[in-house]
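Engineer: Residue numbers (my numbering): 429 to 640.
Beta carbons: idealized from backbone N, C-alpha and C, even for Gly.
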Amino acid sequence: MALQLNDDAPNFIAQSTAGKIDFYEWLGNSWAILFSHPKDFTPVCTTELGAVAKLKPEFDKRNVKVIGLSVDGLSNHEKWSDDIKETQGYKPNFPIIADQDRKVSDLYGMIHPKANDTLTVRSVFVIGPDKKIKLTLTYPASAGRNFDEILRVIDSLQLTANYKVATPANWKRGEDVIISGTVSDEDAKKLFPQGWKTVKPYLRTVKQPVSK
429 MALQLNDDAP NFIAQSTAGK IDFYEWLGNS WAILFSHPKD FTPVCTTELG
479 AVAKLKPEFD KRNVKVIGLS VDGLSNHEKW SDDIKETQGY KPNFPIIADQ
529 DRKVSDLYGM IHPKANDTLT VRSVFVIGPD KKIKLTLTYP ASAGRNFDEI
579 LRVIDSLQLT ANYKVATPAN WKRGEDVIIS GTVSDEDAKK LFPQGWKTVK
629 PYLRTVKQPV SK
């Protein structure tokens with residue numbers, strides 16, 4: 429059965445380019461992105477790993493750890509990392525799991541059911557500090573993942589975890605947000621004393637709360 433939002437993210441111990449990793453221990457009190465690649469030395473994933481390495485300072489600012497996965501071995505991961513540096517300008521600066529026994533792939537339902545028994549789908553899991561799955565995405569082999577969008581969603585997830593708000597379509601950090609539908613106007617006066625704009629009784633917008 430596929431993992432659902434708010435399910436516990438399965439723990440695992442695996443070898444990676446950063447050594448042996450106990451996932452829960454490695455995660456600690458951080459957020460995490462776990463993303464898989466069908467195999468090493470593939471063109472689209474080469475560009476993706478370079479893009480993530482370039483964005484790592486942005487993930488760090490958000491207390492987000494990044495970890496990749498492929499069913500190939502560590503020696504291939506290291507050789508591929510050199511190719512990524514050469515072609516993309518950035519070498520992976522995060523662990524890449526060597527999942528040759530498919531343990532992690534099976535735990536997270538990453539094996540492509542209609543391709544073969546080793547090819548992982550190109551999945552993304554965002555996992556919170558509570559070890560719960562907050563977001564899942566699956567991409568076809570032909571479409572490169574948009575990690576700017578994943579950063580945007582993480583901004584939303586982290587904001588809405590701390591405040592009783594939701595984010596509208598195409599929202600970006602710093603823009604107005606929506607007061608959650610479960611919050612009455614009476615309670616909203618206490619939570620948002622600066623006031624809000626009522627577009628419809630069910631659509632109330634307010635400036636994004638700022639953490640102190």
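For the stretch 496-534, list the alpha helix (DSSP H) runs that are entirely contained and at least 4 residues long, ordered along the chain.
Structural biologist: 502-516
Engineer: Counting pairs of Cβ atoms below 8 angstroms between the stretch 510-525 and the stretch 458-477, do you hit three or more?
Structural biologist: Yes, they touch.
Engineer: Which two residues bound the contiguous beta strand (DSSP E) that contains A569?
Structural biologist: Per DSSP, A569 belongs to no beta strand (DSSP E) and is neither H nor E.
Engineer: Could you have a look at F553 and say whether DSSP puts it in helix, strand or coil?
Structural biologist: strand
Engineer: Considering only DSSP beta bridges, list what Q443 is partnered with.
Structural biologist: K448
Engineer: Report back the beta-carbon spacing between N574 and S639 to the nearest angstrom; my notes put them in contact at under 8 angstroms.
Structural biologist: Contact doesn't hold; Cβ gap of about 26 angstroms is too wide.
Engineer: I'd like to know whether the C-beta atoms of K643 and D604 end up nearer to each other than 7 angstroms.
Structural biologist: For the chain, the structure presents residues 429 to 640; residue 643 sits outside this window and is missing.
Engineer: Could you check the C-alpha separation between Y537 and T470 for me, to the nearest Å?
Structural biologist: In the sequence as displayed, the identity of residue 537 is Gly instead of Tyr. If I take the Cα positions, the gap works out to 21 angstroms.
Engineer: Grouping DSSP H, G and I as helix and E and B as strand, with all else coil, what is R632?
Structural biologist: Secondary structure at R632: strand, using DSSP grouped into helix, strand and coil.
Engineer: Is the beta carbon of V552 closer than 7 angstroms to that of L565?
Structural biologist: Cβ distance < 7 angstroms, so L565 and V552 count as in contact.
Engineer: Bridge partners for T474 per DSSP, in chain order?
Structural biologist: According to DSSP, which records beta bridges pairwise, T474 is partnered with nothing at all.
Engineer: Could you give the DSSP three-state label for K560: helix, strand or coil?
Structural biologist: strand
Engineer: Please go through the same chain and pick out, in chain order, the residues whose beta-carbon is closer than 7 angstroms to the beta-carbon of K600, but skip the five residues on each side of it.
Structural biologist: R580
Engineer: Mapping the DSSP letters down to three states, classify T588 as helix, strand or coil.
Structural biologist: helix
Engineer: Contact check, I582 vs W459 under 8 angstroms by CB: the rounded distance?
Structural biologist: The Cβ separation is near 7 angstroms, so the contact holds.
Engineer: Measure the CB-CB distance between I461 and V554 and report whether it falls below 7 angstroms.
Structural biologist: yes
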